[in-house]
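Structure first, then comments.
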Amino acid sequence: MKNKIIFLWIVISNLLFAEPSAYQIIRQSENQLRGNTAAAIIEVFVHKKRVQRKMKILFYEDRKKDSSFIKIQYPKKDAGIAFLRIGKNLWQYIPKLGKELKLDASLMQNSWMGTDFTNDDLVKESSWVKDYTHSFLEKSRDSYTILLKPKPTAAVLWKKVIMVIDKKTHLPKKQELYDNKNRLKKVLVFSEVKQMGGRLIPTKFRMATLKNGKEKSYTEMIYKKIIFNKPIPARVFTKTFLRR
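Right under this line is the structure:
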């Protein structure tokens, strides 16, 4: 009887103190960043050799409905341009044309509004959890370094992703994004971690584009306000709302 109790204690202890898998860490990190729903105001700063731009955007996402919505509020010349994603369908509304345009799925990989982020980065059609496999590269005192490789059926841009995740918070610190020739093309750094929307998140995302291993441009996204897990009206994720 005594041996059985000791055995059960060992099993329970192992379950309680077992280190999470790479998949579990990535899933928790994504959940922490995104929640079930999110509504945010974000400032975007583009830094290129001959271009310095600022934008302000309104962002909504409902992960259960697999939908997201973005509207540009500033600058004036771009105000009213909006994007709607429902599942794998993406529309863009351009006020000057007075109509919405359905965008081909291949355009998810294109630059979003001339920034270093892609359309997919903004409307979040792909998922680090669902579309990739996960394995540990390194475990340091403070961080996990995890390798992500696309699943065979996943239509994604990056053929290899290396993520550095904080051990204590499970928040991302850095992502390295590689193309199909194993070239490092972009580096995303997360910083200015603070309480916002009732949870701890990085409020500054810095995406740099590399050429021949050297940084050629970068874009910063700074969250000014975010609300998590509050119901978003169904009308937000409609083509009618694009025109409002």
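Residue 1307 is where the sequence shown starts when you use this note's numbering, and the numbers rise one by one after that.
Glycine included, each C-beta is placed from N, C-alpha and C at the ideal position.
The structure presented is a predicted model; accordingly, all values stated were derived computationally and were not measured.
Across the segment 1443–1456 and the segment 1407–1415, are there enough close Cβ pairs to call them in contact, namely three or more that are closer than 8 Å?
no
So which of 1395, 1399, 1400 has the shortest CA-CA distance to residue 1414?
1395
Secondary structure, beta strand (DSSP E): runs of 3+ residues fully inside the segment 1321–1397
1343–1353, 1358–1368, 1373–1380, 1388–1392
Three or more C-beta pairs under 8 Å: does that hold for the segment 1471–1480 against the segment 1370–1378?
no
Pick out whichever of 1501, 1483, 1355 has its Cα sitting closest to the Cα of residue 1475.
1501
Taking only the alpha-carbon atoms, compute the straight-line gap between residue 1426 and residue 1417 and give it to the nearest angstrom.
9 Å
Just the C-alpha distance for residue 1490 and residue 1514, rounded to the nearest angstrom, thanks.
11 Å
When the distance is taken between beta carbons, is residue 1545 closer than 8 Å to residue 1390?
yes
Mind the definition here: the segment 1448–1465 touches the segment 1523–1536 only if three or more C-beta pairs lie below 8 Å; say whether that holds.
no
With distance defined between alpha-carbon atoms, name the residue in 1466, 1503, 1495, 1494 nearest to residue 1488.
1466
Starting from the N-terminal side, write out each stretch of the beta strand (DSSP E) that is 3 residues or longer and does not extend beyond the segment 1507–1545.
1520–1534
Could you pull the DSSP bridge partners for residue 1481 from this structure?
1469, 1494
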